[in-house]
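Quick note on my numbering: the sequence shown kicks off at 1 and runs consecutively.
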Amino acid sequence: MARSGSRGTQTGRPRTRMGTEERRRQLLRIGAELFAERPFDDVWIEEVAERAGVSRGLLYHYFPTKRQFYAAVIRHEGERLLRMTEPDPATPVGRQVQQGLEAYLRYAEEHARGLRAFHRASAAGDREIHEIHEQLLAEQERRIVTVLDAQAAAGLIDGPAPAALRLAVHGWLAFVTAAVLDWLERGEPSRAEVREVCTRALLGALAGARGTESGD
């Protein structure tokens with residue numbers, strides 16, 4: 001049912017023909033814009049259709065329910081983040097974490113609303129949405145742990161034990177998320193300073209993880 005005062009699909013805008021994938025990407029982009037700024041219950045599917053210049057029926061053809069639409073937005077943004085931060089095997093292992101952090105900051109700058117929408121899902125009351133978010137974060141965490149394990153094996157770092165390493169990376173990712181979202185909101189400090197703070201935080205987390213093993 002349309003919200004009160006909604007114009008529904010009567011926008012007066014000429015409809016633009018798009019291919020199936022192009023239209024789907026457009027709808028997901030609009031969804032990211034809206035879910036970045038509002039909680040799930042405050043986003044109206046009629047507004048998505050209006051912004052896209054399509055009928056509500058066509059939108060439901062792509063996404064049968066608003067919940068499925070939201071899940072698709074979260075999955076799309078999380079998978080795009082994973083693609084952009086995927087380690088390059090050609091990069092020396094000692095540079096791969098730094099390269100991934102650079103890619104994360106680039107994603108944040110280019111897709112700020114997508115990043116906000118993705119991390120808003122952490123507070124979603126819906127179990128399926130929450131699980132999608134957690135699965136994508138777990139893959140990001142696994143990648144970083146794998147790279148750090150490779151650095152330890154190459155003698156580039158003194159790596160903590162597996163359980164402590166996983167905990168350190170888990171906490172570091174939470175820190176990076178909070179720091180980058182704050183950076184996007186405030187527009188300061190500089191990107192280079194954000195990168196430096198996040199790098200030092202990782203070194204501190206790893207040192208702390210090693211300290212727990214020695215009883216320090």
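Beta carbons: idealized from backbone N, C-alpha and C, even for Gly.
Below 7 Å CB to CB, which residues in the same chain sit around residue i once its five sequence neighbours on both sides are set aside?
{"i": "Glu139", "result": "Leu82"}
{"i": "Phe40", "result": "Tyr70, Ala124"}
Alpha carbon to alpha carbon, how far is residue j from residue i? Give it in angstroms, no decimals.
{"i": "Thr91", "j": "Ala108", "result": "22 Å"}
{"i": "Ile129", "j": "Ile74", "result": "8 Å"}
{"i": "Gly114", "j": "Arg25", "result": "12 Å"}
{"i": "Val43", "j": "Glu21", "result": "23 Å"}
{"i": "Ala32", "j": "Trp183", "result": "19 Å"}
{"i": "Arg56", "j": "Ala71", "result": "18 Å"}
{"i": "Met18", "j": "Gly53", "result": "11 Å"}
{"i": "Thr85", "j": "His111", "result": "13 Å"}
{"i": "Gly94", "j": "Gln151", "result": "6 Å"}
{"i": "Arg210", "j": "His119", "result": "29 Å"}
{"i": "Arg116", "j": "Val145", "result": "24 Å"}
{"i": "Cys198", "j": "Phe175", "result": "8 Å"}
{"i": "Arg29", "j": "Ser190", "result": "27 Å"}
{"i": "Glu196", "j": "His61", "result": "46 Å"}
{"i": "Lys66", "j": "Ala103", "result": "31 Å"}
{"i": "Pro162", "j": "Gly208", "result": "14 Å"}
{"i": "Leu34", "j": "Glu188", "result": "24 Å"}
In the DSSP assignment, find the unbroken alpha helix (DSSP H) run with residue i in it and report its ends.
{"i": "Asp149", "result": "127 to 153"}
{"i": "Thr91", "result": "First-last for Thr91: undefined, no H or E at that position."}
{"i": "His111", "result": "From DSSP, His111 is part of no alpha helix (DSSP H); its letter is neither H nor E."}
{"i": "Glu185", "result": "162 to 186"}
Using 7 Å as the cut-off, classify the Cβ of residue i as near or not near the heavy atoms of the ligand NAD, replying yes or no.
{"i": "Glu22", "result": "Looking for the ligand NAD in the displayed structure turns up nothing, as the structure carries no ligands at all."}
Is there a Cβ of chain E sitting closer than 8 Å to that of residue i, yes or no?
{"i": "Arg95", "result": "No chain E appears in the structure shown, which is made up of a single protein chain."}
Spatial neighbours of residue i within its chain, please: CB distance less than 8 Å, with the 5 preceding and 5 following residues excluded, ordered by chain position.
{"i": "Leu148", "result": "Val97, Ile157, Gly159, Leu165, Val169, Leu206"}
{"i": "Asp88", "result": "Gln96, Gln99"}
{"i": "Gly171", "result": "Ala205"}
{"i": "Leu59", "result": "Leu27, Ile45, Val48, Ala49, Ala52, Phe69"}
{"i": "Arg142", "result": "none"}
Apart from the five residues just before and just after residue i, which ones in its own chain have a Cβ nearer than 6 Å to its Cβ?
{"i": "Leu202", "result": "Trp172"}
{"i": "Ala121", "result": "Ile74, Ile129, His133"}
{"i": "Gly78", "result": "Phe118, Leu136"}
{"i": "Val180", "result": "Ala108"}
(message) So within the segment 25 to 80, which uninterrupted alpha helix (DSSP H) runs reach at least 4 residues, ignoring any that extend past its ends?
(response) 45 to 52, 56 to 62
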